[in-house]
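A.B. asks:
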Amino acid sequence: MQLSNEQIKEFGDKGFIVMKGFFDRATMDNISSHLDELRDKEPAEGEEAKYYEKSPITGENILVRVENVLGDHSPEFSELLLPPKATECLSELLGEEPVLFKEKANYKMPGCRADKLHQDQAAGWNAYGDFYITMGIVVDPNRKENAALSFMNSGNYEKKLMSDEWQPLSEDDPPYAPEDEYVLLEADPGDVIFFDSFVPHGSPPNTGDKSRRNIFLTFNRKSGGDKRAQYYKDKWSNYAPNQSDNARSKESFRV
Ligand SMILES: O=C(O)CCC(=O)C(=O)O
Ligand SMILES: [Fe+2]
Numbered sequence: 001m002q003l004s005n006e007q008i009k010e011f012g013d014k015g016f017i018v019m020k021g022f023f024d025r026a027t028m029d030n031i032s033s034h035l036d037e038l039r040d041k042e043p044a045e046g047e048e049a050k051y052y053e054k055s056p057i058t059g060e061n062i063l064v065r066v067e068n069v070l071g072d073h074s075p076e077f078s079e080l081l082l083p084p085k086a087t088e089c090l091s092e093l094l095g096e097e098p099v100l101f102k103e104k105a106n107y108k109m110p111g112c113r114a115d116k117l118h119q120d121q122a123a124g125w126n127a128y129g130d131f132y133i134t135m136g137i138v139v140d141p142n143r144k145e146n147a148a149l150s151f152m153n154s155g156n157y158e159k160k161l162m163s164d165e166w167q168p169l170s171e172d173d174p175p176y177a178p179e180d181e182y183v184l185l186e187a188d189p190g191d192v193i194f195f196d197s198f199v200p201h202g203s204p205p206n207t208g209d210k211s212r213r214n215i216f217l218t219f220n221r222k223s224g225g226d227k228r229a230q231y232y233k234d235k236w237s238n239y240a241p242n243q244s245d246n247a248r249s250k251e252s253f254r255v
């Protein structure tokens, strides 16, 4: 077992657990360089899916997210991000073998908008499954000024949608209310957060001067099937990636 009974219970009660120092420094340096390469890369058809938005702060088109970073085109990156101990943690939390559903690297650069308080499940995921666990990997130091995430830590949420799909739970930025039900997760490179697809979380705009990159790998139970290809096919047909000149300016909730 990778996780203690206490950790598994905590995950069940609060919907997330934090594991400090899950990846070592050398691995994180590798991951960070790979994300730099992706930032500068022009993906071929079927490779990474990059999304740009107009910064509400600077007005420039900025990269906000790269999806499909673990396709057949990047087996080494998969090995780096998913060592056996990660898969074991996921199995222990899901109670079954994990299957990758989707994955993204969020480049929350200076000027990037907020991610309003939400449940990930509200991002159209119901069409593909009823429960997911995401492994969040902290790549850059996450601090209050550069959009560290806030999570509900009271366990006071329902394991079902608490808003309409695509609608945030609140328009406020952290500290979310009631304040004693949320925690600001300041974290360091190599820390990992496992969280379920219903626990409310979000992050403010990055008003600092340092980039805040995190990677989020989302899994479903093996019994739920492999929905990844269908998910991306559907998504790319109504939200085309790799259009740097055509950045969205609307503050819509897109994950
Ligand atoms: O990167 C962030 O700050 C928020 C990410 C998130 O919650 C999401 O993309 O679902
Ligand atoms: Fe989220």
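Residue 1 is where the sequence shown starts when you use the numbering used here, and the numbers rise one by one after that.
Beta carbons: idealized from backbone N, C-alpha and C, even for Gly.
Whole angstroms is fine: what's the gap from threonine 87's alpha carbon to glycine 124's?
C.D. replies: 25 Å
A.B. asks: Under 8 Å by Cβ, that's how I've got proline 151 and tyrosine 182 pegged, so tell me the actual separation to the nearest angstrom.
C.D. replies: Per the sequence shown, residue 151 should be read as phenylalanine rather than proline. With 8 Å as the limit, phenylalanine 151 and tyrosine 182 qualify as a contact, their Cβ atoms being about 7 Å apart.
A.B. asks: So the alpha helix (DSSP H) aspartate 234 belongs to, where does it begin and stop?
C.D. replies: 228-238
A.B. asks: Opposite glutamate 53 in the DSSP bridges: which residues?
C.D. replies: Ile62, Arg248
A.B. asks: How many Å lie between leucine 90 and asparagine 30 at the Cα?
C.D. replies: 23 Å
A.B. asks: Look at the Cβ atom of leucine 63, then the Cβ atom of tyrosine 107, and state whether they are nearer than 7 Å.
C.D. replies: yes
A.B. asks: Taking only three categories from DSSP, how would you classify methionine 28?
C.D. replies: Methionine 28 falls in the helix class under three-state DSSP.
A.B. asks: With a 10 Å radius around its C-beta and 16 neighbouring C-beta atoms as the bar for buried, classify phenylalanine 132 as buried or exposed.
C.D. replies: Note that residue 132 is tyrosine in the sequence shown, not phenylalanine. Label assigned to tyrosine 132: buried.
A.B. asks: Which whole-angstrom value describes the C-beta separation of asparagine 214 and asparagine 146, a residue pair presumed to lie in contact below a C-beta threshold of 8 Å?
C.D. replies: Incorrect: roughly 11 Å between the Cβ atoms, too far for contact.
A.B. asks: Does arginine 65 pass the burial test, meaning 16 or more other C-beta atoms within 10 Å, or should it be called exposed?
C.D. replies: buried
A.B. asks: Looking only at its own chain, which residues have a Cβ that is under 6 Å from the Cβ of arginine 221, when we skip the five neighbours before and after it?
C.D. replies: Leu94, Glu96
A.B. asks: Tell me which residues share the same chain as methionine 109 and place their Cβ nearer than 6 Å to its Cβ, disregarding the 5 neighbours each side in the sequence.
C.D. replies: Ile62, Ser211
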